[in-house]
Structure formats: C-alpha cells, structure tokens
Amino acid sequence: MALAFCSSLRFSTSTPSPPSPSLPLRTSPTSSSLITVRSPQRMGARSLRARPPLRPKATVAVDSPAAGPDASRSGPPRVLLEVKDLMAVIVESGQEILRGVNLTIYEGEVHAIMGKNGSGKSTFSKVLVGHPDYEVTGGSVIFKGENLLDMEPEDRSHAGLFMSFQTPVEIPGVSNFDFLNMAYNARRKKEGLPELPPLEFYSYLSPKAAAVNMDLRFLDRNVNEGFSGGERKRNEILQLAILEADLAILDEIDSGLDVDALQDVAKAVNGLLTPYNSVLMITHYQRLLDIINPSHVHIMEEGSIVKTGDLSLAKQLEKEGYRAFSVS
Numbered sequence: 001m002a003l004a005f006c007s008s009l010r011f012s013t014s015t016p017s018p019p020s021p022s023l024p025l026r027t028s029p030t031s032s033s034l035i036t037v038r039s040p041q042r043m044g045a046r047s048l049r050a051r052p053p054l055r056p057k058a059t060v061a062v063d064s065p066a067a068g069p070d071a072s073r074s075g076p077p078r079v080l081l082e083v084k085d086l087m088a089v090i091v092e093s094g095q096e097i098l099r100g101v102n103l104t105i106y107e108g109e110v111h112a113i114m115g116k117n118g119s120g121k122s123t124f125s126k127v128l129v130g131h132p133d134y135e136v137t138g139g140s141v142i143f144k145g146e147n148l149l150d151m152e153p154e155d156r157s158h159a160g161l162f163m164s165f166q167t168p169v170e171i172p173g174v175s176n177f178d179f180l181n182m183a184y185n186a187r188r189k190k191e192g193l194p195e196l197p198p199l200e201f202y203s204y205l206s207p208k209a210a211a212v213n214m215d216l217r218f219l220d221r222n223v224n225e226g227f228s229g230g231e232r233k234r235n236e237i238l239q240l241a242i243l244e245a246d247l248a249i250l251d252e253i254d255s256g257l258d259v260d261a262l263q264d265v266a267k268a269v270n271g272l273l274t275p276y277n278s279v280l281m282i283t284h285y286q287r288l289l290d291i292i293n294p295s296h297v298h299i300m301e302e303g304s305i306v307k308t309g310d311l312s313l314a315k316q317l318e319k320e321g322y323r324a325f326s327v328s
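The letter at position 285 of the sequence shown is residue 285 when you use the UniProt record's numbering, and the numbering goes up by one with no holes.
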C-alpha cells in the first residue's frame with residue numbers, strides 16, 4: 001500500500017470465514033490503490049460496533065458500466081499496458097535503475113517478473129504508479145490507450161491501476177471499514193455515481209472479506225495496526241477486491257507468508273481474475289507461481305527484461321539454481 005500522510009492519504013487500496021466462489025473484479029468503475037481521502041483529524045469517530053447489526057447475506061445492487069466476468073467479448077483482448085524502452089533514475093541520487101524495459105500486457109493475462117534483488121523489479125512497479133522517488137528519463141508507457149506518464153498518481157488510480165506493496169503501512173486512527181468505504185466512494189464519485197452509505201457498503205464488502213478468509217471483526221480495527229504479515233497481505237487483496245482495478249501490480253505478496261496464508265491470498269487473487277483484467281506480480285519464489293499460474297514469466301536483470309517465456313521458464317531456471325530463487 002502506498003501511503004503518504006499530510007492533509008490527505010494516498011494509498012493502494014483471522015478466523016476463516018466461508019469462502020466465496022469468486023470475486024468479480026469488474027463490477028463497478030475502475031480504480032486502484034491510490035485514492036485521496038480526508039486526514040483522520042477531520043474524520044468523525046465511527047465504529048462498526050456503533051452500527052446496527054448487519055447481515056452479511058444481504059445484497060446490494062451496484063450500478064456499473066463495466067462488463068462482468070460472464071459478459072461476452074465482442075472482439076479480441078485489448079492491450080492494457082504497453083511499455084517501450086522505459087528508463088528511470090532515482091531522483092535523489094540520479095542513479096539509473098531502469099535501462100530500457102519493454103513489456104506488453106493484454107486483458108486476461110497474468111505476468112510474473114522475477115530476478116535477483118536490485119535488478120529493478122520494484123522500481124519498475126513504482127514508476128508505473130507514479131512514485132515520486134523516481135524520474136522517467138526515456139521511453140513510453142501507454143495504459144488503456146492513454147499516456148500513463150502524463151497522469152498524476154491519483155489519475156492513474158482512477159484509470160484502473162492498483163499496487164500492493166511488499167510491506168503494507170499502518171494507518172493509526174482510520175478503521176479498515178472507513179478506509180475501504182471512503183476509497184470505494186471516491187472512485188464512484190469520480191465516475192459520477194452515487195456514494196454507498198455504510199450499511200449498503202457492508203453488504204457489498206462482506207462476501208469479499210469471506211473470500212480472503214478475513215474475519216469481519218478486522219474491519220473495525222485500524223488499517224494494518226497490529227496485523228500479522230499474513231493479515232496485512234489479506235487486507236491488501238481485500239482492498240483490490242473492493243477497488244476493482246483493471247491491472248493489479250502485486251509486489252512480493254508472498255513474502256513473509258506461511259503456507260496457509262499464501263494459499264488464501266493466492267486463491268483470492270485467482271478469484272479476482274476475469275477476461276477483462278490482468279495481474280503483474282513480482283516474486284522470487286516458484287511456490288507462488290504454482291498457485292497463480294502466470295501466462296508469461298519475465299526475468300529482469302540490471303534494469304531490463306532479458307528473458308521471457310511461460311511457466312516452464314521459471315521451472316527450468318529454478319532447477320538450474322537461478323539466483324532469483326535463492327533469496328531468503
């Protein structure tokens with residue numbers, strides 16, 4: 001989760017509960033993990049305990065122009081992201097990190113980027129969402145037919161990007177429920193749709209929380225405050241499910257997870273996939289690829305993608321002892 005606290009928040013958007021068969025990612029307008037909301041000093045004190053009892057089985061109709069996962073396609077998959085010769089440096093030092101990255105992602109695809117530490121994987125993902133620590137010095141990035149590099153981070157969010165960071169940050173004083181409700185309504189407002197009040201939003205949220213095995217009591221806790229590593233990663237995927245992005249960038253969501261938590265998070269990501277959205281995940285480990293089977297695997301070295309293949313490429317490199325798989 002990308003978080004910067006000043007007068008606003010900018011972010012990415014357990015006791016097991018019964019699993020939901022799938023999470024429809026495109027049931028409402030596009031958004032992502034970078035939303036602007038009011039600072040906690042201006043928020044009214046709200047708590048799930050103060051709300052009337054709610055029934056998770058309740059349903060709410062959410063208007064949306066987006067096509068659902070079962071909608072028929074009128075043509076071939078469109079290009080979501082096209083990166084050509086992307087170059088970038090660290091703003092503070094001027095050190096060049098990206099040295100000509102090329103990547104094309106179509107709807108319905110899952111791409112995995114692997115490589116040893118320092119190869120530029122996380123930098124690439126942060127450049128895509130507009131992180132201020134990096135400056136693009138060359139190349140182009142087109143997202144859904146528009147120049148992504150001309151957009152502010154929040155505009156990239158509303159265009160349909162989501163990013164889950166390696167270490168999600170705590171937000172004291174802001175409950176999970178309020179955080180998600182405000183983020184979701186910020187996106188609806190951008191699309192000219194009415195906001196959902198808390199009761200209706202809870203009905204929309206409950207089955208998505210069940211799908212990531214998140215106890216509903218976590219909704220009343222402050223965002224990531226006191227959460228374990230697995231709980232934070234579940235919370236990130238819950239944000240993705242709520243915000244419904246076209247392209248989800250997942251930066252090492254498997255790091256620090258035990259086997260059970262990894263299974264929950266990976267299955268939730270699989271449940272979000274439709275023919276209309278895509279995932280770009282960064283990982284060091286074959287174990288994640290065994291659950292979320294990528295359609296494309298890329299190897300990054302020294303700031304550029306040097307090899308591309310399918311899942312067999314990752315398995316081959318693992319057998320050969322490739323350094324990307326030996327990171328602790």
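We treat Cβ as the ideally placed atom computed from N, Cα and C, and that holds for glycine.
Nothing here was measured: the structure is a model prediction, and the numbers come from that model.
Rounded straight-line distance, which links the Cα of residue j to that of residue i
| i | j | result |
| --- | --- | --- |
| G160 | E244 | 8 Å |
| K267 | I292 | 8 Å |
| D150 | T137 | 13 Å |
| L238 | E152 | 24 Å |
| N102 | Y285 | 23 Å |
| P132 | Y276 | 29 Å |
| D254 | T283 | 7 Å |
| V110 | L196 | 31 Å |
| L205 | Y184 | 10 Å |
| E320 | E302 | 20 Å |
| V91 | K126 | 13 Å |
| R221 | D246 | 28 Å |
| G145 | V306 | 26 Å |
| V169 | T308 | 32 Å |
| S119 | N147 | 25 Å |
| P207 | S278 | 22 Å |
| A186 | G230 | 27 Å |
| L262 | E200 | 30 Å |
For residue i, three-class secondary structure by DSSP
| i | result |
| --- | --- |
| P207 | helix |
| P153 | helix |
| V259 | helix |
| Y134 | strand |
| S119 | coil |
| D220 | helix |
| H158 | helix |
| V91 | coil |
| S212 | For the record, residue 212 in the displayed sequence is Val; it is not Ser. DSSP places V212 in coil when its eight states are reduced to three. |
| F227 | coil |
| S7 | Because S7 carries a pLDDT of 32, less than 50, the predicted location of this residue cannot be relied on, and the following value inherits that uncertainty. It is coil, neither helix nor strand. |
| R78 | coil |
| T36 | Low confidence applies to T36: its pLDDT is 38, below 50, so where it sits in the model is not reliable enough to give any reading. |
| N277 | coil |
| L199 | helix |
| I291 | coil |
| K307 | strand |
| A245 | coil |
| K84 | strand |
| G108 | coil |
| L193 | coil |
| I97 | strand |
| D264 | helix |
| residue 330 | Residue 330 is absent from the structure shown; the chain starts at 1 and stops at 328. |
| Q41 | At Q41 the pLDDT is 40, less than 50, meaning the model places this residue with poor confidence and gives no usable figure here. |
| S237 | Residue 237 is actually Ile in this sequence, not Ser. Note: I237 maps to helix in three-state DSSP. |
Element boundaries [alpha helix (DSSP H), containing residue i]
| i | result |
| --- | --- |
| E170 | E170 -> no alpha helix (DSSP H), and no H or E assigned at all. |
| R187 | 176-190 |
| E318 | 311-319 |
Among the options, nearest to residue i - alpha-carbon criterion
| i | options | result |
| --- | --- | --- |
| E107 | P76, Y134, T123, I97 | P76 |
| S203 | V259, L216, L311, T123 | L216 |
| P294 | I97, V259, A112 | A112 |
| V297 | N224, D155, I105 | I105 |
| I242 | K144, Y322, F177 | F177 |
| E318 | G115, I90, V83, G271 | G115 |
| A210 | G192, N235, G226, E191 | N235 |
| F143 | D260, V212, K84, D264 | K84 |
| E225 | N117, T123, G173 | G173 |
| V212 | D264, T167, G229 | D264 |
| I171 | V223, L288, S157 | V223 |
| R287 | G192, G256, G139 | G256 |
| S93 | E82, E135, K190, F124 | E135 |
| L98 | F162, S304, K315 | S304 |
| V89 | S122, V269, E82 | S122 |
Cβ-Cβ separation, residue j to residue i (assumed contact under 8 Å), whole Å
| i | j | result |
| --- | --- | --- |
| D251 | F165 | 6 Å |
| L219 | S175 | 7 Å |
| L273 | I249 | Not really, about 14 Å apart at Cβ, beyond 8 Å. |
Extent of the continuous beta strand (DSSP E) to which residue i belongs
| i | result |
| --- | --- |
| G145 | First-last for G145: undefined, no H or E at that position. |
| H296 | 296-301 |
Cutoff 9 Å: residue i Cβ touching any chain B Cβ
| i | result |
| --- | --- |
| K121 | Among the protein chains of the structure shown there is no chain B, as only one such chain exists. |
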